[in-house]
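See structure below.
There are 2 protein chains.
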Amino acid sequence: MKDDTAPVLTPMLRKLTLWAHLDADDERALLGLPHSLVTVPRDEPIVREGDRISHCWLVLSGFCARYKDVGDGGRQIVSIHMTGDLVDLQNALLGIADHGVLTLTACDMATFPVEAVRELTNSRPAVKDALWHDTLVDASIHREWVANLGRRDAPTRIEHLLCEFALKLEAVNLGEQLNYELPMTQHQLADATGLTVVHVNRVLQALARDGLIERVTPRSVLIGNWKRLAAAGDFRSDYLHLGSLKSRSRHR
Amino acid sequence: MKDDTAPVLTPMLRKLTLWAHLDADDERALLGLPHSLVTVPRDEPIVREGDRISHCWLVLSGFCARYKDVGDGGRQIVSIHMTGDLVDLQNALLGIADHGVLTLTACDMATFPVEAVRELTNSRPAVKDALWHDTLVDASIHREWVANLGRRDAPTRIEHLLCEFALKLEAVNLGEQLNYELPMTQHQLADATGLTVVHVNRVLQALARDGLIERVTPRSVLIGNWKRLAAAGDFRSDYLHLGSLKSRSRHR
DNA sequence: CGTTTGGTTGACGAAGCTCAAAGCCGGTGG
DNA sequence: CCACCGGCTTTGAGCTTCGTCAACCAAACG
C-alpha cells in the first residue's frame with residue numbers, strides 16, 4: 480500500500496512516462512496510490528457492462544480484454560490489454576460501465592478506488608495529462624479497430640491484429656517479440672476480429688501455409704518476416720502512438 | 480474573438496456542461512477562446528491522416544466525419560459529428576493525426592490553436608475535466624462502433640446508426656428527431672457501416688418495406704416507431720453517455 | 001481413463017460483394 | 001427553355017467470402 484513496498488506499479492509508470500513528463504513527485508504520487516493486489520483466474524469477468532464502477536484496474540501480469548455483448552448473443556472484444564495497462568479507467572471515469580472486462584489468462588492485477596485516482600489527478604496536473612493521453616491512445620486504437628473490422632477482409636484483419644499484438648508486447652518487454660504465444664483461444668480471436676471460430680481456424684492455417692507465420696502449437700505465432708506480415712495486414716504502427724519507442728524505427 | 484461578440488461557441492459549451500460543472504469563469508474562459516470562423520464547403524477534407532495538427536475544429540453547423548483510409552483504397556468512417564462537437568481535439572492533443580476529417584455537408588466551423596486549448600485546460604481544471612470527459616465519450620462511441628461492425632449484420636448496423644443519429648440530433652436540437660434528412664450519401668453511409676453502396680441501397684429499401692423507416696426522398700428518414708427500430712437495431716443509448724439528457728428516459 | 005475444453009474438418013448455404021448498366025434528379029450553358 | 005452533364009441512386013446477374021451445422025480429434029485434467 481505504500482511506496483516502500485516493491486514498486487509493483489512501475490509497469491504503469493513506465494507506460495505513462497512514454498508520453499508525458501512526470502517529475503519525481505508525480506512519480507512518487509503515482510506509485511503511492513492506495514491499491515490492493517488481486518490474482519484473477521483466467522476467463523473471469525472482472526467488470527460487466529452496466530456495473531457502477533468504483534475501482535479501476537491495472538494489469539500487472541497476464542492479459543485481459545474489454546468487450547461488449549450484442550443482442551443476438553454474440554460478443555465483440557474491443558481491445559486487448561497487458562502488463563502496465565490501466566484497464567477500466569474509462570469506465571471508472573464515466574461512472575457506469577459501457578463495456579465489460581474479462582481476463583484472457585490468469586492475471587495479477589492492482590485495483591485503485593476511483594476517488595484516489597480522481598484526487599491524484601486533481602492534485603497533480605501532469606498525472607492528469609498522462610492519464611488523459613493514455614485514454615486518447617486507447618481511443619486511437621479503437622479507431623483502428625473500427626477500420627479493421629469495417630474495411631478489411633478476414634486474413635488482413637487477423638494479420639493486423641497479430642502485428643498490433645507483437646508491437647504492444649515489444650513495448651512492454653522492451654525487446655523483440657516476433658515469436659509469441661497468443662494468450663487467447665481461437666474463439667476469443669474470432670470475437671476480436673468479428674469472425675467465427677471456424678473461419679479463424681482456417682485463416683490461421685492459410686497464413687501458415689503462405690509462410691506469413693509459423694505455428695508449432697495452435698497458439699504460437701512466429702513471425703518470420705515482419706515486413707511481409709505488416710504489409711499483408713495493412714499495418715502501420717502510427718495509431719499506437721508509441722512515438723518515443725525505439726522499436727518504431729525498425730517497424731516502419 | 481472576444482466574448483462580447485455573439486457567443487458562437489455556445490453549442491460547445493452546452494455539450495460540455497452536460498457532463499461537467501463549469502463555473503461562470505470557466506464558461507467565460509471557454510467562450511473567450513481565440514478562434515476564427517470558417518465556412519467549409521461540403522465534401523472537403525479538413526484534416527488528413529499524418530498531418531501535424533496545430534488547430535482543432537469545432538462544428539457550429541453542418542455535419543462532418545472522421546475517417547481512416549485503408550490499404551486497398553477503401554475508406555472507413557469512424558464517427559460522425561454535428562453542431563457543438565469538437566472534432567479533432569484528439570488529433571490535436573496527440574500531435575499528429577491518426578485519422579482524417581471531412582465535411583459531409585457545408586459546415587460553419589471555428590478553429591482554435593491547440594496551444595490556446597492547452598493553456599485553457601491548464602489554467603482551468605474543470606475545463607480540462609470537461610474536455611477529457613468529452614474524449615472519453617468519443618471513445619465509448621468508438622467501442623460501440625467496433626461492436627456494430629464486428630458483430631451485427633447489415634440491416635442491424637444501419638438501424639443502429641440511424642438510431643444513434645436520431646439521438647444525437649435530438650441532443651443538440653433539444654427536440655424530437657424522429658424525422659430527419661441523412662446528411663450523407665449512400666456511399667458515405669456504406670463507409671460508416673463497412674458495407675458497399677449497393678448493399679446499403681438494398682438494405683434501406685428493405686427497412687422501408689418492413690415499415691421500420693419511411694423514405695420520401697432517398698436521404699430522408701422518418702422513424703415511425705422508435706421502439707421497434709431500436710429493438711431491431713440492437714440499440715441501447717447508454718454508450719452515448721447522455722445521462723442527464725431528458726430524452727433518455729423516453730428512449731430506453 | 002472418462003470428461004472437458006479447444007482445435008480441426010467437411011459439406012452446404014447465405015449474406016454481402018462485384019461488375020455493369022440504367023434511371024433520376026438538379027444544375028449549367030447554349 | 002431545352003439538352004446535356006455529373007453525381008447519386010437503383011437494378012440485375014453472378015460470384016465469393018464467410019457463416020452454419022455437425023462431427024471428429026487431441027491434449028489436459030481430475
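Quick note, the sequences are listed as chains A and B, same order.
Be aware that the first sequence starts at 480, since it is given in the numbering used here, and climbs by one per residue.
Be aware that the second sequence starts at 480, since it is given in the numbering used here, and climbs by one per residue.
Even for Gly, the Cβ is constructed at its ideal location relative to N, Cα and C.
Treat the numbers as computed from the prediction; the structure is a model and nothing was measured.
Among the candidates the options, whose CA atom is the shortest distance from the CA of residue i?
i, options, result
"Trp-498/B", "Arg-631/B, Thr-582/B, Lys-607/B, Asp-577/B", "Lys-607/B"
"Leu-456/B", "Gly-654/B, Ala-711/B, Ala-685/B, Cys-642/B", "No answer is possible for residue 456/B: the residues shown for chain B start at 480 and end at 731."
"Ser-540/A", "Arg-597/A, Ala-571/A, Cys-586/A, Leu-657/A", "Cys-586/A"
"Thr-600/B", "Arg-597/A, Asn-570/A, Ala-605/A, Val-596/A", "Ala-605/A"
"Gln-665/A", "Asn-652/A, Leu-683/A, Ser-533/A", "Leu-683/A"
"Arg-597/B", "Val-616/B, Gly-574/B, Leu-583/B, Ser-716/B", "Gly-574/B"
"Pro-634/B", "Val-593/B, Ala-687/B, Leu-583/B", "Ala-687/B"
"Val-700/A", "Leu-657/A, Leu-572/A, Thr-584/A", "Leu-657/A"
"Met-588/B", "Arg-527/B, Asn-627/B, Leu-668/B, Asp-564/B", "Asp-564/B"
"Leu-583/B", "Glu-594/B, Ala-544/B, Val-593/B", "Ala-544/B"
"Gly-529/A", "Phe-644/A, Gly-511/A, Asp-567/A", "Asp-567/A"
"Glu-506/A", "Lys-706/A, Thr-496/A, Glu-655/A", "Thr-496/A"
"Gly-712/B", "Gly-550/A, Arg-698/A, Leu-572/A", "Gly-550/A"
"Leu-628/A", "Ala-645/A, Glu-594/A, Ile-556/A", "Ile-556/A"
"His-578/A", "Asp-717/B, His-678/B, Gly-552/B", "Asp-717/B"
"Ala-709/A", "Glu-638/A, Gln-667/A, Gly-673/A", "Glu-638/A"
"Lys-494/B", "His-612/B, Ile-692/B, Ile-702/B", "His-612/B"
"His-743/A", "Val-593/A, Lys-547/A, Gly-553/A", "Nothing about residue 743/A can be read from this structure; chain A reaches only from 480 to 731."
"Arg-636/A", "Phe-591/A, Trp-624/A, Leu-646/A", "Trp-624/A"
"Phe-714/B", "Asn-570/B, Leu-646/B, Ile-532/B, Ser-533/B", "Leu-646/B"
"Gly-673/A", "Phe-542/A, Gly-553/A, Leu-512/A", "Gly-553/A"
Taking all protein chains shown into account, decide if residue i is buried (16 or more other Cβ within 10 angstroms of its Cβ) or exposed.
i, result
"Asp-504/B", "exposed"
"His-500/A", "exposed"
"Ala-609/B", "buried"
"Arg-631/A", "buried"
"Ala-650/B", "buried"
"Gly-562/B", "The sequence as given places Thr at residue 562/B; Gly does not occur at that position. Per the 10 Å Cβ criterion, buried."
"Ser-619/A", "buried"
"Thr-518/A", "exposed"
"Asn-704/A", "exposed"
"Val-526/B", "buried"
"Thr-614/B", "buried"
"Asp-502/B", "exposed"
"Asn-652/A", "exposed"
"Lys-706/B", "exposed"
"Ser-558/B", "buried"
How far does the alpha helix (DSSP H) with residue i in it extend, from its first residue to its last?
i, result
"Phe-644/B", "633–652"
"His-612/B", "604–630"
"Glu-506/B", "503–510"
"Met-663/B", "Here Met-663/B belongs to no alpha helix (DSSP H), and DSSP marks it neither H nor E."
"His-678/A", "676–688"
"Leu-568/A", "568–573"
"Ala-711/B", "705–711"
Does residue i have its Cβ less than 8 angstroms from a Cβ in chain B?
i, result
"Trp-624/A", "yes"
"His-621/A", "yes"
"Gly-563/A", "no"
"Leu-572/A", "yes"
"Gly-511/A", "no"
"Leu-628/A", "yes"
"Arg-531/A", "no"
"Met-491/A", "no"
"Arg-507/A", "no"
"Arg-631/A", "yes"
Grab the span of the beta strand (DSSP E) containing residue i for me, first residue to last.
i, result
"Pro-520/A", "Pro-520/A -> no beta strand (DSSP E), and no H or E assigned at all."
"Met-588/A", "586–592"
"Thr-562/B", "Where Thr-562/B is concerned, there is no enclosing beta strand (DSSP E), given that its DSSP letter is neither H nor E."
"Leu-492/B", "Unbroken run through Leu-492/B is the alpha helix (DSSP H), 489–496; no beta strand (DSSP E)."
"His-534/B", "534–540"
8 angstroms is my cut-off, CB to CB: does residue i come that close to chain A?
i, result
"Arg-579/B", "Reading off the sequence, residue 579/B comes out as Gly, not Arg. It does not; no Cβ of chain A falls within 8 angstroms."
"Tyr-659/B", "no"
"His-720/B", "yes"
"Asn-704/B", "no"
"Gln-569/B", "yes"
"Pro-524/B", "no"
"Arg-681/B", "no"
Quick one: is the Cβ of residue i within less than 7 angstroms of any heavy atom of the ligand SAH?
i, result
"Gln-656/B", "Absence of the ligand SAH is noted for the structure shown, with no ligands found whatsoever."
Q) Along the segment 606–618 of chain B, what residues have a CB closer than 9 angstroms to any CB found in chain A? A) Lys-607, Asp-608, Leu-610, Trp-611, His-612, Thr-614, Leu-615, Val-616, Asp-617, Ala-618
Q. Can you list, in chain order, the residues of the segment 538–556 of chain A whose Cβ is nearer than 9 angstroms to any Cβ on chain B?
A. Result list: Arg-545, Tyr-546, Lys-547, Asp-548, Val-549, Gly-550, Asp-551, Gly-553, Arg-554, Gln-555, Ile-556.
Q) Using Cβ-Cβ distances below 7 angstroms, what residues of the segment 684–717 of chain A are close to chain B? A) Answer set for the segment 684–717 of chain A: Asp-713, Asp-717.
Q) Residues in the segment 633–660 of chain B with C-beta within 7 angstroms of chain A's C-beta atoms, listed in sequence order? A) Within the segment 633–660 of chain B, no residue has a Cβ that lies closer than 7 angstroms to any Cβ of chain A.
Q | Contact residues within the segment 581–607 of chain A, judged by C-beta distance below 9 angstroms to chain B | A | Thr-600, Asn-601, Pro-604, Lys-607
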